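All remarks here apply to the structure that follows.
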Amino acid sequence: MSKSTAAANGHSLWQKMPKANAELFALTYGTLVTELVRDYESTEDINEQLEKMGYSIGVRCVDEFLAKADQAGMVIPPCRAFAETAEVMAKTGFRMFLGVSAEVQMISDSSFSLLIYENPLSLFVELPSDPKWKDLKYSNLYCGILRGSLEQVNLRVECTFVKDVLQGDDVNEIRVDLKEVLVDGAGEEYQEE
Amino acid sequence: MSLQCLAIIGKTNEPLYMMDVKAEEDPVTTNEDDAFGFGESQRGERLSLDKEFMMHASIDNLEEALGSQRQGKGRASADSKWIGLLCPMEESFIYGYSTSTNIKILAMISDSTEDSREVHLKTLFAKVHNLFVEYMLNPWAGLQNKIESKKFDSGIQEAVNVYNETNGIAWA
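Chains as they are written, first to last, in the working numbering: chain A, 1 to 193; chain B, 194 to 365.
Rendered as structure tokens:
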């Protein structure tokens with residue numbers, strides 16, 4: 001699917017979605033992160049928890065995405081290459097759910113970088129300049145969402161935040177690496193003899 | 194007519210933020226004199242002790258002004274946030290502004306002429322209020338803590354510079 005159709009699909013799907021107040025969304029996420037900060041000691045634990053939460057969200061998001069696209073009469077064909085998956089996710093998926101478009105930078109056949117310029121989660125946020133917050137990945141939820149949603153379409157990936165605007169960089173960059181293409185099927189106990 | 198210092202006072206009159214425009218010219222205070230603990234702030238600027246005390250003294254006038262307003266028609270109109278001249282000190286005037294959540298902003302202006310440009314001061318206070326609101330939306334901002342944020346500092350610095358420039362030109 002070409003880039004422009006992906007973007008156009010994203011835009012029209014976004015218009016059909018019910019909207020929430022961006023400030024409420026950002027503030028709710030902010031309190032979620034501060035609660036995690038209170039509960040967990042190390043930033044690694046916090047990052048891990050955010051990723052797990054994202055995973056549960058992602059698992060549900062992909063079904064909604066495909067269902068809504070179908071209802072809207074759009075055809076999202078099965079992707080023939082990982083690059084296509086990346087484009088669909090960045091242009092259509094992100095646009096539909098968050099209203100922001102992301103850019104894709106392919107690094108190799110099995111890994112790409114997702115560049116997000118505007119992050120609706122980190123509106124108003126400024127991390128304290130204490131050095132222990134250098135490792136906090138505030139928007140790690142996205143990594144979990146990507147992992148969860150791709151796992152539902154049989155792609156096992158690992159996502160990490162490489163650059164973060166809150167930590168001083170100019171863009172948010174998420175690195176996505178394809179680890180394995182999973183095979184559909186029931187477990188061994190259910191195989192017929 | 195230039196702004197000498199700015200202070201933000203919380204609900205229970207605790208100091209949240211103090212900023213001195215001419216910090217370099219006041220090297221007299223040392224760490225022991227710093228009663229309100231602002232010496233160690235990240236900004237590196239320190240409000241000199243005498244200015245701190247002048248601001249503190251004007252809070253009495255502020256309470257008086259606020260108290261009488263509350264008994265009157267209440268704080269309904271947009272203009273009712275503005276309190277105005279709190280007290281004239283030796284070389285400067287202190288102006289006050291109060292938000293609907295009882296956060297007060299005080300500004301000390303050194304006045305070289307008779308007329309006072311209240312309009313510019315009102316816009317300055319409105320900008321400071323906006324910056325304060327944006328700062329409060331940060332999830333890491335404590336509700337009663339001192340304000341420590343680079344974005345807030347730079348915003349205030351810019352607003353103060355704009356105010357000093359517009360007044361400098363007017364009175365040059």
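Backbone N, C-alpha and C define an ideal beta-carbon position, used for all residues, glycine too. Since this is a predicted model, take the numbers as computed values, not measurements.
- Using beta-carbon distances, residue 327(B) counts as an interface residue toward chain A, with a partner under 8 Å.
- The beta carbon of residue 126(A) falls within 8 Å of a beta carbon belonging to chain B, placing the residue at that interface.
- In terms of Cα proximity to residue 104(A), the closest of 32(A), 37(A), 174(A) is 174(A).
- Here residue 65(A) has 93, 96 as same chain residues with Cβ atoms under 7 Å from its own Cβ, once five neighbours each way along the sequence are excluded.
- Under the three-state reduction of DSSP, residue 80(A) is assigned to coil, being neither helix nor strand.
- One Cα belongs to residue 100(A), the other to residue 14(A), and the distance between them is close to 10 Å.
- Three or more Cβ pairs closer than 8 Å define a contact, and the segment 148-167 of chain A meets that threshold against the segment 42-60 of chain A.
- Taking C-alpha positions only, residue 5(A) is separated from residue 330(B) by approximately 37 Å.
- What residue 43(A) touches in chain B, judged by beta-carbon distance under 9 Å, is nothing: the nearest beta carbon there is about 14 Å away.
- Per DSSP, residue 125(A) lies in no alpha helix (DSSP H) segment and is marked neither H nor E.
- Around the beta carbon of residue 71(A), fewer than 16 other beta carbons lie within 10 angstroms, which makes this residue exposed.
- Distance check between residue 344(B) and each of 20(A), 120(A), 126(A) places 126(A) closest, using alpha-carbon atoms only.
- Two segments are said to touch when three or more pairs of C-beta atoms, one from each, lie closer than 8 Å; by this definition the segment 199-210 of chain B does not touch the segment 163-170 of chain A.
- Shown here, residue 299(B) sits in a strand according to DSSP, grouped into three states.
- Taking the Cα positions, residue 139(A) is about 16 Å away from residue 128(A).
- By the criterion of at least three beta-carbon pairs nearer than 8 Å, the segment 253-262 of chain B is in contact with the segment 291-301 of chain B.
- Setting aside the 5 residues that flank it on each side, residue 204(B) is surrounded in the same chain by 295, each with a C-beta closer than 6 Å to its C-beta; the list follows chain order.
- Contact of residue 293(B) with chain A by beta-carbon distance below 8 Å is absent, the smallest such distance being about 19 Å.
- Residue range 111-116 is occupied by the beta strand (DSSP E) that includes residue 113(A).
- Residue 9(A) carries a helical assignment under DSSP once its states are collapsed to helix, strand and coil.
- The C-alpha of residue 350(B) is placed about 10 Å away from the C-alpha of residue 356(B).
- Neighbours of residue 344(B) in chain A, taken as residues whose beta carbon is under 9 Å from its own, are 126 in chain order.
- If one requires a minimum length of 3 residues, the beta strand (DSSP E) runs lying completely within the segment 32-115 of chain A are 102-108, in chain order.
- Counting along the chain, residue 212(B) sits inside the beta strand (DSSP E) bounded by residues 208-213.
- Spatial neighbours of residue 301(B) in its own chain (CB-CB distance under 6 Å, excluding positions within 5 residues in sequence) are listed in chain order as 197, 198, 285, 287.
- The beta carbon of residue 278(B) sits closer than 7 Å to the beta carbons of 286, 288 from its chain, once the five residues preceding and following it are set aside; these are given in chain order.
- Within the model, the alpha-carbon separation for residue 172(A) versus residue 20(A) is close to 23 Å.
- Annotation: the continuous alpha helix (DSSP H) that includes residue 148(A) extends over 141-152.
- Under the three-state reduction of DSSP, residue 244(B) is assigned to helix.
- Around the Cβ of residue 91(A), a 10 Å sphere holds 16 or more other Cβ atoms; the residue is buried.
- Residues of the same chain with a CB within less than 6 Å of the CB of residue 86(A), apart from the 5 flanking positions on each side, are 104, 112 in chain order.
- The alpha-carbon of residue 45(A) is positioned some 22 Å away from that of residue 156(A).
- For residue 332(B), the nearest CB of chain A lies under 8 Å from its own CB, placing it at the interface with that chain.
- Judged by DSSP secondary structure, residue 162(A) falls within the beta strand (DSSP E) whose first and last residues are 155-163.
- Chain-order list of chain B residues neighbouring residue 34(A): 332, 333, by C-beta distance under 9 Å.
- In the structure shown, residue 259(B) falls within a helical segment according to DSSP collapsed to helix, strand and coil.
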